[in-house]
Each structure stands twice: as structure tokens, then as C-alpha cells.
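Number of protein chains: 2
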Amino acid sequence: LSTKRDFSQSVGHLGEDSLRVLVSSHLDKDTREMLGYGDDAIAIEIGDGKILVAHTNVLVGSTDILPGMTPSSIGRKAVVMNVSDIAAKGAKPLTLLFSLGIPKDYLISHLEEIASGMNAAARENGTYITGGDIGESNNLILAGTALGMARKGELMARSGAKVGDLLASTGPFGLTSLGFKILLENLEAPSDIEKKALEAVYKPKARLKEALALAEIKAVTASIDSSDGLAKSLHWLSRMSGIGFELTNILLSPEVTRFAQLHKLDPNRLALYEGGEEYELIVCIKPEKWNDAVEAVKRVGGVLYEIGRVTESRKIVLRTRDGRQEEIEDLGWEHFRQWKAE
Amino acid sequence: LSTKRDFSQSVGHLGEDSLRVLVSSHLDKDTREMLGYGDDAIAIEIGDGKILVAHTNVLVGSTDILPGMTPSSIGRKAVVMNVSDIAAKGAKPLTLLFSLGIPKDYLISHLEEIASGMNAAARENGTYITGGDIGESNNLILAGTALGMARKGELMARSGAKVGDLLASTGPFGLTSLGFKILLENLEAPSDIEKKALEAVYKPKARLKEALALAEIKAVTASIDSSDGLAKSLHWLSRMSGIGFELTNILLSPEVTRFAQLHKLDPNRLALYEGGEEYELIVCIKPEKWNDAVEAVKRVGGVLYEIGRVTESRKIVLRTRDGRQEEIEDLGWEHFRQWKAE
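From first to last, the protein sequence lines stand for chains A and B.
With this note's numbering as the guide, the letters of the first sequence map in order to residues 6 to 347.
With this note's numbering as the guide, the letters of the second sequence map in order to residues 6 to 347.
Right under this line is the structure:
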């Protein structure tokens, strides 16, 4: 391994997306894989009408952990971020694997709390952590893999949206953005807002029931979770489906509006660009299936909110109340990594 | 995350095996999982006579990389260690996923070489790297997951060996041990020995063809790869199967014998306790299938060596030439980690 610090040639000069392109360019393609490059999970038909879906994601201590996160919530988050991803593909979790890298001076009791947090989140999502590996590393590493099963015809990809489809989400946006402002920039918030914002950050939930309900009725043409932030997630759907969106509104948590007023911030910007690590589903729904979709999500205890529609132009625009159109850019946090830039 | 350095309560005081037990004690068990606790892969029946096998393993820069390893051989090793494990279960690789954590100052060209090395190793084993993730971390992290398919009745576990079975391996032991002595303790070796030893370390190969050939004829009652070292691997089989072994000989690479003479070392100790990170299969074979097993491995270009037999006593003993019995202890390197203890 080179220890030369030639930054002009180092990976630090590339964003995560460019790094993905770079690595992929050296990998031969498996033509059986159904989701394609640019999706963040893989899907392979395994016969008997079944599709195996897999997603892997690493939570790294130095870059992915927010101040005040307990070991238990770290464990939870590592599970939720993996489950959410296969849920967004319409896959029911089959099992989870975790490789853990633990620093030598990490407290035994904290490792136990991580394991308990992981287990609780797995059980909440109807699955188990069945295997993995553990070893020493300088940094806390929770490398998770979620395996899931989708039925043929029910796989939901980032691609597939059609002009005229409705754009919907399973919840409002922006609470994690508030959490980040409070935790990382020390912005103050009334205690009820702070409580909600920190819960969004410390206790994320995957929209598994909603995803499976939508998959079952084959209502979805394209799907993603909002873990990259609202703007980036919409751009992924746009790019992969070759379409655009007109948003009729940015669905904001009420706390986001209040917090924005308090600090003279733009609430839409908070939800679009400064959040992420939240796990709402963003889905494109066939218009003829809209009522069924709303019903299906309601039956499992969720809500499906209409937030816009699919357009032919590849732009993503927000129609403001005064009738203007604002273009939504492909910007957002790449997870937590920018905050920690040295 | 606690930054307290209370070593009396830190994970550094526990070995990897104890850490695994600790973590597992906090995880609910999935009764569908077929390999059981103590195996290092998981297997779940998915219908249609198929069993999904999965294994995950992290290669960490600070602990798993040997001096002189090129980025390409790091990539290769990360793939081989994952493929070897599911091969040892009798599973054909379905696909590979990798989450990469890359330090900011890592050279772009080296990342490209890692990707190429990973791809080459995947293709050698008839599979592809179809997905994954990439992000920044202080340490190089290659978190791999291998997914494979076994047919019902052909799954090979660590448990299942029966008294009277023959113990066999797909190759001799000890070359990586020489590699470690040369690279980490600066022991000298004639150039032909050095070349072989370093090749074993830098260019490991998984015994996939051999494993699948043995699985197909249902000759194997218990199986493991020798990645934990010969002694520890035998103890895993013994513990999980509730049996012991009598070894008729320690199958040594000729280079190991010569190197041991040169440095006045015990060649058996080198092979048993000081190696590891080599990927031979160690299998228990039904006596009535022995000839078929030898033939099947031969047909795919390999060799199956008889090295002992399964006994009722749970001890693992080596019968020396002068008729004495030496007990083989449950010792070995836990990967590379001990060398790097600060």
C-alpha cells in the first residue's frame, strides 16, 4: 500500500459517485443481474418465480456515527439502512449477515449493546442476523448484507417510471436534516422539535410493510428509499428511468417548517439537500393503480402521500405556490462524509 | 462511542472466538438456518431443492495485509477468502458483493488495481461482482459477501463427520507459514522456496472445482477450508462433529521440509499452528465413497490426499513414525491479527 500523499491522484478528489463509476469500469458485467448499473442492490432470478435481492452497506465509525448515538442505535441504524434498501426493491428480507470490525479498546458492554440493537431492528423487520464475522480494526465497522426475496413481476427498480405516473412518498421529509443541524451545527430547537429530530436520526425505521404492500399489487414503476436525501433520490429515479418530475409540493414535517422559521432557513432546502439518512420510500405509481396503492399502504398502517408526477422533460422542478418553477438540483450530502472532511 | 480506555472491559482482552460467542448470545436464532452456530457461513432452503449459502468476511488494511502485497493481490485475496468459504459448503458461487472503504489519500490507480484484482479472481471462479458500495474510511476495508447455491443433500457443513470416515485434503500445508516467516520475521529462504511461499501468500486460490465435484457425488460428511490454519480447522471439524481425528501424517509442501531444516524449525508446527490464510479443503469422506471421491477430484484437475481418519475420542492426534501419539492443540493465528497487536 502506498503511503505517498499525492493528493492529485488520490481518491479524496473524487466523489462517491465517481468512485463507483471507476470501480465498476473494472468489473465485468453479469447479464443475469436485473437492476442494472446505478441501482444500489442486485437482483438475480433463481428459478421457481423467485428473485434474490441483495444489498451491502458499511457503517464506518469515523464517518457514519453522529454525536450522541448510543451503541444500540448504531446497531439499529446498520440494520435499517440495509433492510430499507431491499424493501425499496419490493423484496422481503430473507436474512442478514454482518461483518464487524471492532477497535481493541472498544468496551465489551458497548459491543453487546450494538448486537442487541442490531437484533432488535432485525426482529422488527421480521428477519434475523444469521451470520457474519468479527475481527479487530482501528475503526468501528459494521458491514451488513441484506438478502431478500422478491416475486417475479414484483421487483421494484430505480428505472421504469413512465410519463404520467404519480410520484409519492410514505412520509414527510426534513427531520433528519434538523437532527444534523442540532447535533453538528449546534442550532437550538424547542424541546418537542429536538425530540422528534433526534428520534429520526437515532431511531430510523425502514418502510418495509409499505414496500411489500405496494409490490404485491404491482402498483410501482420505479422505487428508491430517501437515504441519499430527497433531491439526490429523485435524481436517481430520473436518471435511471429517463424521465423528469414536477413536484407539487415538498412534503415537510411540521417541525421542519417551524424550525426553519426560527432560524430563518429555507424549509425546502432543508428537506431537499440537507437531510438524508432518512428512509421513506419514494415511488412512482401507475395512475390506474393509485387508489389501490393508497389503500394497500393504509391497510398496513402507513400513509401514501402524492408529491408530484412524472414528466417527459428530464428536469426535476418544483411548482411554487405563485406558479413559478424552480429546478431541483442533484445535490445532497454523500452520507455523512463531507462533515468529516479534514 | 466511548473513548475511555478501560482495557479490563475492552474487547482487546477477548479473542475472536470469544467475541463471536458474545455477539451471538445477543442475537435471536433463526431455526431455518441449516449450518448452525460455529459454522462460518449460513444456509437457508429457498425451495425448489435449492439452498442459498452466504458468507461475509472483511479484509481490513491495518490487520490483513502483508508486506509487499500489491493492490491487485489485495483484491484477489478479498475475493478468494469469500469464495473459498462457500465452496467448502458445496455451494456454487451465485454472485459477489463488496462494500469498499477507502482512505482519502489512497491512490486512484491503486483502487483501480484492487478492482481489477477482484474482478479477475471472481471470473476465475466463474462468478461476478455485481454490487456493492464505496465510501471513505480511515482504513482500507474490503467487506465481501459471497452468495452461492447448493443443491439439497449436497450441502457440506463443519458438522456431520462419522467415526471411520477418512480425513482428506486437496493439497499440502505450510507454504503460507513460510511466507509469513519470510515477510514478517525476515527469515531467509532460497529463491525457489521464497517464490513458492510468496505466491501462496500473494496469489491464493479457492478449491472450488474440487469442492463442487465432491458435493455432487455426496461423498463428504464434514468440510472446512484451512483458512484458520490446519490445527484450528481440524478442531473446528472435531468440535462441530463431536468426533476426533488420528492423523497419519501432516501433509507438508516439500519447501516446508527444506525451510524447516534450514532454520532448525519443526516443520509440523509450521504447518499446524503457524500458517493459515491458505485455502485447501479439509474434508471427511465416507469410506465407501473414497475411490469415487479421488476420481471426482482428479477429473477436475485436482488431487485428494488421505491424511487421517475420524475417531471416536474427541482428541486430535498425530501418529508419529515411531508409533507415538502427539496431541494436536487448538492453536493458530487468528488471521493476521496477533502480529499487529500494538
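For each residue, glycine too, the CB sits at the ideal point set by N, CA and C.
In this text, all values refer to a predicted model and were calculated from it rather than measured experimentally.
Please name the residue or residues paired with residue i in a DSSP beta bridge.
i	result
Leu112/A	Ser15/B
Arg314/B	Leu171/B, Glu251/B
Lys291/B	Partner(s): none; Lys291/B has no beta bridge.
Gly52/B	Lys55/B
Tyr42/A	Asp44/A
His60/A	Ala151/A
Asp230/A	Leu286/A
Phe178/A	Leu257/A
Val225/A	Ile290/A
Pop quiz: residue i and residue j are said to be a contact at Cβ under 8 Å. What is the actual Cβ separation, rounded to whole angstroms?
i	j	result
Lys223/B	Glu300/B	Contact flag wrong, Cβ pair sits at about 14 Å.
Gly153/B	Lys97/B	6 Å
Ala216/B	Ala92/B	4 Å
Ala236/B	Leu277/B	4 Å
Glu311/A	Leu171/A	6 Å
Ser247/A	Arg319/A	Before going on, a small fix: residue 247/A reads as Gly here, not Ser. At roughly 7 Å, the Cβ-Cβ gap stays under 8 Å, so Gly247/A and Arg319/A are in contact.
Ala227/A	Ala155/A	Not a contact, Cβ separation roughly 15 Å.
Ser231/B	Pro177/B	Not a contact, Cβ separation roughly 10 Å.
Tyr111/A	Ser15/B	6 Å
Ser174/B	Gly280/B	Not confirmed; about 13 Å, so no contact.
Thr150/B	Ala59/B	6 Å
Ile70/B	Ile107/B	Not confirmed; about 14 Å, so no contact.
Which of helix, strand or coil does DSSP assign to residue i?
i	result
Met74/B	coil
Glu204/A	helix
Val65/B	strand
Pro272/A	helix
Ile79/A	helix
Val305/A	coil
Thr325/A	coil
Thr36/A	coil
Ile333/A	coil
Leu256/B	coil
Ala194/B	coil
Lys210/B	coil
Ser30/A	coil
Lys320/B	coil
Gly184/B	helix
Glu199/A	helix
Glu215/A	helix
Please check if any C-beta of chain A sits within less than 7 Å of the C-beta of residue i.
i	result
Gln266/B	no
Ser77/B	no
Gly36/B	Reading off the sequence, residue 36/B comes out as Thr, not Gly. Output row for Thr36/B: interface = no.
Leu25/B	First, the residue type needs correcting, since residue 25/B is Arg and not Leu in the sequence shown. Cβ-Cβ to chain A under 7 Å: yes for Arg25/B.
Ile91/B	no
Asp33/B	yes
Glu282/B	no
Val28/B	yes
Gly352/B	Residue 352/B lies beyond the residue range present for chain B, which begins at 6 and ends at 347; the question has no answer from this structure.
Ile333/B	no
Ala96/B	no
Asn124/B	yes
Asp53/B	yes
Thr68/B	yes
Ile222/B	no
Val63/B	yes
Cβ of residue i less than 7 Å from any chain B Cβ?
i	result
Tyr111/A	yes
Glu117/A	yes
Thr226/A	no
Ile290/A	no
Asn87/A	no
Thr181/A	no
Ala120/A	yes
Gly17/A	yes
Gly355/A	Given that chain A is displayed from residue 6 to residue 347, the structure contains no residue 355/A and the question cannot be resolved.
Asn254/A	no
Ser1/A	Outside the shown range of chain A (6 to 347) lies residue 1/A, about which nothing can therefore be said.
Ala59/A	yes
Glu293/A	no
Leu336/A	no
**OP:** Please list the residues of the stretch 126-139 of chain A that have a C-beta atom closer than 9 Å to any C-beta atom in chain C, keeping them in chain order.
**Re:** Any reference to chain C falls outside this structure, whose protein chains are A and B.
Original post:
Considering only residues of the stretch 91-171 of chain B, which uninterrupted alpha helix (DSSP H) runs meet the minimum length of 4 residues and lie entirely inside it, listed in chain order?
Top reply: 113-129
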